[in-house]
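K.L.:
Residue 31 in full-length UniProt numbering sits at position 31 of the sequence shown, with consecutive numbering throughout. Note that the Cβ used here is the ideal one computed from N, Cα and C, for glycine as well. None of these values were measured; they are calculated from a predicted model. Just passing along the structure, written as structure tokens.
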Amino acid sequence: MLKHNIFLFLRNIKKNKSTFLINTMGLGVGIASFLVLALYVYNDLTYNHFHENISNIYRVREGESSMTKGLLLPQMIKEIPEIENGTRIFDWEGFRISY
């Protein structure tokens, strides 16, 4: 029975080469899209989870950049009493540090 099904499968591939190629490419694109989406979701859900106090860590961004204005952090610490500590990120693009 299995041998017969394999024979039919191969015969249909030979008869409908273009349909088989389109279906195979569509399946490949679908699997690749799923894997990319799954990796993106996994990365998003596990971001910064190595910290002990993950529920108290927040990130403030301005648009697509990870940087904010220089005076934003001191002003936020002054005006929002719930903020205990903070840090700023500087983009070192073009700089190379070595020793």
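Distance check for K15 and N43, CA to CA, integer angstroms please.
P.N.:
For N43 and K15, the distance between alpha carbons rounds to 44 Å.
K.L.:
Contact between the segment 22-35 and the segment 47-66: three or more CB pairs below 8 Å?
P.N.:
Because the criterion of three Cβ pairs below 8 Å is not met, the segment 22-35 and the segment 47-66 do not touch.
K.L.:
Tell me the rounded alpha-carbon separation between E79 and F90.
P.N.:
Their Cα atoms are separated by approximately 23 Å.
K.L.:
Report the residue ranges of all alpha helix (DSSP H) runs contained in full by the segment 39-87; include only those spanning at least 4 residues, in chain order.
P.N.:
Taking only runs of at least 4 residues, the alpha helix (DSSP H) segments lying wholly in the segment 39-87 are 72-79.
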